[in-house]
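Numbering (full-length UniProt numbering), first residue to last: 1 to 540.
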């Protein structure tokens, strides 16, 4: 039936050499491995070149600033000499009139709109009354009341071109523009947030205060600085982001939307189970439970009726055992399947101790209630906020508590001694905060649209200006390398800790009221005003 087996015939000269299928596959495999090794080698070389390019751009910006500082000092001195000559000429002897007048300083054209905005040296960034730039800074915005009121969209304007102060300190010497062309738009350090609206901070409205053009990827050269370091003496300087701000292990590249959970009411609170299987969304009177482990259209697998139908859920937290959900909202009760009662008319936020024995609730009367979860009794109250306590977070070791309030303060509490440790005063109401899991940094979201990142033991802090309205929620990734904030401007922003480089940004169709990050930092869930929750997958 089959031909008898034969030994292979040796290759004869002049005949084409024939490979067996196995030999051909082996040759193809070897060539593929060789090409793959070459590819990896070229990729590493490309990454090294990109790093070198980034470093060169940083040096470029540094020299740019130094050159601009020298030019501005030269023009200051020329203006001083000109004015001194004008003052001394009427009182000088007649013979002085025979001397030739000093050459006039060349006129300074306005800064071209397409050029890179230069940055002034640090001494000129002061906003003291004697500073020539003081007139370009508007007074701080007064704090508004609830977050549901619309914020003013007006921005401070620059003084007129005829202002005498601007004659002393010209913004852009013409010779400087010839020496320093703007950065190319394809720079890897320039990459944009979705929003193109100007920041609400008065500092970002003055061209004299726009410094480093080092922004997240895809940012155009004309975009404004949005992250500022505030020193102990109040000096604000734009943050020069390091080369690894947006790359490296643990830093996400972007997030993609994978699920929409139609809750049916405004979603004011969300949380994710560990492991990531269920999402809990709090709306009007109830919490709905969703299974997000499988793709496809989502319907709630359960509904927990926690409060009266007309009262919104404002905060919900899942204990590490995954079986106990604590819910607080616009009622004088906390729900842990049983009810814990306090005298405050509402609970705005919740935190749970690492050992799951104690729950902390932010009350609308400004007090922080401490609950024994095992015995379901109120064991203590921290008093300090003079208005509602709106947000809360606890350190990983369970020894320190951070709270923010509508009285424009952030306070820290020693849980072992039961006393207040620190108080930070702000000019705006505090709507959200988060304590970095690795320690040292506290991020605060405010009603005036700013996010501030404070060092808990030093006076240094960073101010971030990308939100255009009040910052309603904030959450750190469990690795501590990045955090997210959401706001009334429909934005979800991801920031690098602590200096605030913008990692990615997503715009939703309504105000984003709440957010949470899964324990493995792979998923983000948000709750919004258009009666739905959104699940994002974080791409690394």
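Beta carbons are placed, not taken as given, at the ideal position from N, Cα and C, and that holds for glycine.
Residue state for residue 416 is assigned as coil, using DSSP reduced to three classes. Between the region 294–306 and the region 325–336 there are three or more C-beta pairs closer than 8 Å, enough to call the two in contact. Out of 467, 51, 62 and 378, the CA that lies nearest to the CA of residue 491 is found in 467. For residue 230, the enclosing beta strand (DSSP E) begins and ends at 227–230. Around the beta carbon of residue 279, 16 or more other beta carbons lie within 10 angstroms, which makes this residue buried. As a beta-bridge residue in DSSP terms, residue 279 pairs with 272 and 290. Here residue 284 is bridged, per DSSP, to 312.
Taking 8 Å as the cut-off, the beta carbon of residue 428 is found no closer than this to the beta carbon of residue 405.
The criterion of a C-beta distance shorter than 8 Å is not satisfied by residue 496 and residue 86. When beta bridges are read from the DSSP output, residue 455 appears opposite 441.
In the three-state scheme derived from DSSP, where H, G and I count as helix and E and B as strand, residue 523 is classed as strand.
For residue 347, the closest alpha carbon among the candidates 387, 353, 531 and 324 is that of 387. In this structure, 469 is the residue among 469, 420 and 438 with its C-alpha nearest to the C-alpha of residue 430. Shown here, residue 32 sits in a helix according to DSSP, grouped into three states.
DSSP, reduced to helix, strand and coil, places residue 85 within a helical segment of the structure shown. Across the set 376, 439, 285 and 450, the C-alpha of 376 shows the shortest separation from the C-alpha of residue 324. Shown here, residue 25 sits in a helix according to DSSP, grouped into three states.
Contact between the region 258–265 and the region 233–247 is absent: fewer than 3 CB-CB pairs across the two stretches fall below 8 Å. Between residue 454 and residue 472, the C-beta spacing is not below 8 Å. If you ignore the 5 residues before and after residue 398, its C-beta comes within less than 8 Å of the C-beta of 353, 354, 355 and 415, all in its own chain and listed in chain order.
At the C-beta level, residue 319 and residue 271 stay beyond 8 Å of one another. If you ignore the 5 residues before and after residue 478, its C-beta comes within less than 8 Å of the C-beta of 437, 517, 519, 520 and 521, all in its own chain and listed in chain order. Sequence-distant partners of residue 485 (beyond 5 residues in either direction) whose C-beta falls short of 6 Å from its own C-beta, in its chain, are 445, 451, 471, 474 and 493.
Exposed is the label assigned to residue 374, since fewer than 16 other Cβ atoms lie within 10 Å of its Cβ.
8 Å or more divides the Cβ of residue 396 from the Cβ of residue 381.
Under the DSSP assignment, residue 399 falls outside any beta strand (DSSP E); it carries neither an H nor an E label. Under the DSSP definition of a beta bridge, residue 368 partners with 362 and 382.
Rounded to the nearest whole angstrom, the C-alpha separation of residue 263 and residue 255 is 22 Å. A distance below 7 Å between beta-carbons, with the five flanking residues on each side excluded, links residue 418 to the following residues of its chain, in chain order: 380.
According to the DSSP assignment, residue 516 belongs to the beta strand (DSSP E) that extends over 512–517.
For the pair residue 58 and residue 65, the Cα-to-Cα distance works out to about 11 Å.
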